[in-house]
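A.B. asks: For reference, the structure I am asking about is given below.
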Amino acid sequence: MSIKTSLIKNTGINLAGYFYLLIASFFSVSILLNNLGRDIFGVYIFLLSFVSLSAVFDFGISNAVVRKLSLPGTERIEKVKTWKTSFAIFIALAFILFVCVIVLLRYLSQIMPIFAYLDRNTINLSILMLATIAFVNHVNIHLLSLPQAEQRFDIFNSKTLLVGTANTVISAAVSGFYPNIAVLYSTQLIFHLFTLIFMINYSLKLFSGSDFSPSYDKSTGRELFSFGLRNFVGTLAGQVENQFSNFILGAMVSARAITAFSIPQSIVAKGAGVISQFAQAFFPLSASLLEKDRIKKLKTLVLGVEAVTLIGGVSAVILSYTIGQPFLLWWLKDPIVVQTAFPVLKILSFYFLLVSLTPVPTALLQGLNKPQIPSFFGILTVSVEIILSLFFVPLFGAIGVAYSFLLSVCLTVPLILIVTWVQLDREIKKLALPLQ
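Numbering of the sequence shown is given in the working numbering, commencing with residue -17 and proceeding in unit increments.
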C-alpha cells in the first residue's frame, strides 16, 4: 500500500469514528438532559470530566511508545523492552490515579453544593465507578499505543466504538429506565472492560508469553520519560487553553459571557478535532518515513497536507461569515445568545484558520524527536492568551478572549511553521550525509 493510500485510509477510519461520536453525542445529550433533569445532568457532566482529566496524566509516555515502535530501525528486543516498560509505568500511574480520583472526589463531595442533589450512596458508588474507569482507561491508553504504532486504526478506534457508544447512545437508553448517574457510570465501566479485553487479545498476537507482561527497564524508562515529559508540557498547555477562558470570564464578566464564548469555542474545537484525527494517523507514519530514501516523500506530503488544510481553513472563515448566524439561530433558537455568540464565532474562525495548520507540524516534530518544540510554542501561546485576556476582557467581555486567542496565534503559528521546516531540512541533510 502506498504512503498516500495508507494515510488516506487511516485518516478515513479515524474520521468515521469521530463523526460517529459527534452524531451520537448530538442526539444523546438532549435525552440525558431530559431523563436526569437539569441539575443532576450538570453533576453527571462534572463528574465524568474527571475521566478525561485523568487521561491527560500519561506524561507523554504513550506518544513516546508510539514513536519508538514506529521507527524503522527499532529491533524486536527494543520493542519488547519498550512495551514491557510502558506497561509497568501505566499500571503504576493507573493505581495512583485511582487513589487520587477517590480522594479528590470524596473531598469535593463534602464541600461543593452541587452534590446536594445526590444521596450519599449514589455519590459513593459514583466515585468508586469513576475511579475504576480512570484505572482501566489508563491501562487501555497503553494498549492502544500498539495499534497506533502499527497503523491499525481500525483496531485503534475500537475504543471509540465501544466506550463512545456506552457514553452516548447506551447511557441515554439506560437513563430512560434508571435515571441514576451511578448506574450510568457502572454501564460505562462495563464497556471500558470490554475494550480492555479486546485490546489484550490484540496485543497478545504481537507480544506473546513473557513479552507481554509489565517489567520496568531503567534505560528504556529514562528514554520514554525523556521524550514523554517534553511532549506532556504541550499537552498540559492545551488543557489550560481549553479551560482558562471560563475562569476569566466567570470571574471578570458573567455567566452569560461564558455561554457566549463557549458555544463558538465548541464549534471551533469540533473543527480542530477533524484535523487532529489526521495528525493522529500522520504521527506514526512520519516516524516510519525517517529514512534516507523516504524522507523527501515526507516533505512533499507535509506540503500537500498543509495546502489542503489552508484551503479548509479559508472555507471555514467564509462559512462563518455567510451562514454562521443562521446556523446558530437554527441550533440554539435563542436570538439573545446568538447576538453575543456570532461576533465571537467570526473572530474565532480566523483563529481556527491559523491553528488548523499546527497539528501536522506538531506530529512531524514529535516524529523527529523534538516534542519540546511544540511544547514550548504551546506554553508561549497560552501565556500570551492569558496576558492579553487580562487586558482585553475588562474592555470587550467575551469578544476580548476571542481577540486574545487570535492575536496569540498570529504570533506563534508562523514561528512554529518556520521552525518545523528548518528542523525537517536539517534531518534531510543529516540523512543525506555518507556513513563514516
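By construction, the Cβ of each residue, glycine as well, lies at the ideal position given by its N, Cα and C atoms.
Our contact map puts Met111 next to Ser168 with C-beta atoms below 8 Å; I'd like the distance itself, whole angstroms only.
C.D. replies: For this step, residue 111 is matched to residue 129 along the sequence shown. For this step, residue 168 is matched to residue 186 along the sequence shown. Correct: roughly 5 Å between the Cβ atoms.
A.B. asks: Mapping the DSSP letters down to three states, classify Pro54 as helix, strand or coil.
C.D. replies: Position 72 of the sequence shown, counted from the start, is the residue given in the question as residue 54. Residue state, collapsed to three classes: coil.
A.B. asks: For Phe173, I'd like the list of residues in its chain whose CB is within less than 6 Å of its CB, leaving aside the five on either flank, ordered along the chain.
C.D. replies: Locating residue 173 in the sequence shown gives position 191, where the first residue counts as 1. These residues qualify, in order along the chain: Leu144, Val145, Ala148.
A.B. asks: Count the other C-beta atoms from every protein chain shown that fall within 10 angstroms of the C-beta of Asp40, then say buried if there are 16 or more, exposed otherwise.
C.D. replies: Residue mapping note: residue 40 aligns to position 58 of the sequence shown, counting from 1. The residue in question, Asp40, is buried, as its Cβ has 16 or more Cβ neighbours within 10 Å.
A.B. asks: By Cβ distance, which residues of its chain are closer than 7 Å to Ser7, with the 5 residues on each side in sequence left out?
C.D. replies: To locate residue 7, count along the sequence shown from 1; it is residue 25. Contacts found: Thr150.
A.B. asks: In the DSSP assignment, the alpha helix (DSSP H) including Gln170 goes from what residue to what residue?
C.D. replies: Along the sequence shown, one-based indexing puts residue 170 at 188. Segment 163 to 188, the alpha helix (DSSP H) holding Gln170.
A.B. asks: Are there 16 or more other CB atoms within 10 angstroms of the CB of Thr9, so buried, or fewer, so exposed?
C.D. replies: Looking up residue 9 in the sequence shown gives position 27. Reading off the sequence, residue 9 comes out as Phe, not Thr. Exposed.
A.B. asks: Can you give me the Cβ contacts of Ala384 inside the same chain, cut-off strictly under 6 Å, excluding the 5 residues immediately before and after it?
C.D. replies: As a working mapping, residue 384 is identified with position 402 in the sequence shown. Within the same chain, Ala384 has close Cβ partners Val326, Ile329, Leu330.
A.B. asks: Which value, in whole angstroms, describes the spacing of the CA atoms of Ile398 and Asn16?
C.D. replies: Looking up residue 398 in the sequence shown gives position 416. Looking up residue 16 in the sequence shown gives position 34. Distance between the alpha carbons of Ile398 and Asn16 is about 45 Å.
A.B. asks: In chain order, which continuous runs of the beta strand (DSSP E) of length 3 or greater are located wholly inside the stretch 3 to 29?
C.D. replies: Segments of the beta strand (DSSP E) lying fully in the stretch 3 to 29: there are none.
A.B. asks: Can you confirm whether the stretch 358 to 368 touches the stretch 39 to 57 when touching is taken to mean that 3 or more C-beta pairs between the two stretches lie within less than 8 Å?
C.D. replies: At 8 Å Cβ cutoff, the stretches do not touch.
A.B. asks: Quick check on this structure: which residue in Glu288, Phe117, Ser197 has the alpha carbon closest to the alpha carbon of Leu178?
C.D. replies: The residue you call residue 178 lines up with position 196 of the sequence shown. Of the listed residues, the one whose Cα sits closest to Leu178 is Phe117.
A.B. asks: Hey, Lys341 and Ser258: beta-carbon distance below 7 Å or not?
C.D. replies: Against the sequence shown, residue 341 aligns to sequence position 359. Against the sequence shown, residue 258 aligns to sequence position 276. Inspection of the sequence shows that residue 341 is occupied by Pro rather than by Lys. Against a cut-off of 7 Å, the Cβ pair of Ser258 and Pro341 comes out as a contact.
A.B. asks: So, Ala154 versus Leu14, is the Cβ gap smaller than 7 Å?
C.D. replies: As a first step, residue 154 must be located in the sequence shown, where it is residue number 172. As a first step, residue 14 must be located in the sequence shown, where it is residue number 32. Contact flag set, yes.
A.B. asks: Can you tell me the Cβ-Cβ gap for Ile137 and Tyr89, rounded? I've got them flagged as a contact below 8 Å.
C.D. replies: Here residue 137 refers to the residue found at position 155 when the sequence shown is read from its first residue. Here residue 89 refers to the residue found at position 107 when the sequence shown is read from its first residue. With a Cβ gap of about 38 Å, Ile137 and Tyr89 do not count as contacting.
A.B. asks: I need the straight-line Cα distance from Gln170 to Ser108, nearest angstrom please.
C.D. replies: Mapped onto the sequence shown, residue 170 falls at position 188. Mapped onto the sequence shown, residue 108 falls at position 126. For Gln170 and Ser108, the distance between alpha carbons rounds to 11 Å.
A.B. asks: So Gln348 is in the alpha helix (DSSP H); what residue range does that whole segment cover?
C.D. replies: Along the sequence shown, one-based indexing puts residue 348 at 366. Per DSSP, Gln348 belongs to the alpha helix (DSSP H) from 341 to 349.
A.B. asks: Find out if the Cβ-Cβ distance for the pair Ser386, Phe374 is shorter than 7 Å.
C.D. replies: On the sequence shown, position 404 is the one that residue 386 refers to. On the sequence shown, position 392 is the one that residue 374 refers to. For Ser386 and Phe374, yes; Cβs fall inside 7 Å.
A.B. asks: For the alpha helix (DSSP H) containing Val319, list its first residue and its last residue.
C.D. replies: Translated into the one-based positions of the sequence shown, residue 319 becomes position 337. Its alpha helix (DSSP H) spans residues 317 to 337.
A.B. asks: Looking at Ser338 and Gly216, is the spacing between their C-beta atoms short of 7 Å?
C.D. replies: The count along the sequence shown starts at 1 and reaches residue 216 at position 234. The count along the sequence shown starts at 1 and reaches residue 338 at position 356. Cβ atoms of Gly216 and Ser338: not closer than 7 Å.
A.B. asks: Considering Cα atoms alone, identify which of Leu347, Leu211, Ile96, Phe194 is closest to Ile27.
C.D. replies: The residue labelled residue 27 in the question sits at position 45 within the sequence shown. Of the listed residues, the one whose Cα sits closest to Ile27 is Ile96.
A.B. asks: Nearest-angstrom Cα distance between Ile163 and Thr104?
C.D. replies: As a working note, residue 163 is residue 181 in the sequence shown. As a working note, residue 104 is residue 122 in the sequence shown. Cα to Cα, Ile163 sits roughly 8 Å from Thr104.
A.B. asks: Helix, strand or coil for Gly419? Go by DSSP, reduced to three states.
C.D. replies: Here the chain comprises residues numbered -17 to 418, so residue 419 is not present and cannot be evaluated.
A.B. asks: By the three-class DSSP mapping on this structure, what secondary structure does Glu409 have?
C.D. replies: To locate residue 409, count along the sequence shown from 1; it is residue 427. If DSSP states are grouped into helix, strand and coil, Glu409 belongs with the helices.
A.B. asks: What is the DSSP secondary structure of Glu288, counted as helix, strand or coil?
C.D. replies: Residue 288 sits at position 306 when you count from the first residue of the sequence shown. In the structure shown, Glu288 sits in a helix (DSSP, three-state: H, G or I).
A.B. asks: Quick check: the Cα distance between Val401 and Leu335, rounded to an integer number of angstroms?
C.D. replies: To locate residue 401, count along the sequence shown from 1; it is residue 419. To locate residue 335, count along the sequence shown from 1; it is residue 353. Their backbone Cα atoms lie some 19 Å apart in a straight line.
A.B. asks: Residue ranges of each beta strand (DSSP E) run of no fewer than 3 residues wholly in the stretch 93 to 168, ordered along the chain?
C.D. replies: Runs of the beta strand (DSSP E) inside the stretch 93 to 168: none found.
A.B. asks: In its own chain, which residues sit with a C-beta less than 7 Å from the C-beta of Ala254, not counting the 5 before and 5 after it?
C.D. replies: To locate residue 254, count along the sequence shown from 1; it is residue 272. Here the set comprises Phe334, Val337, Ser338.
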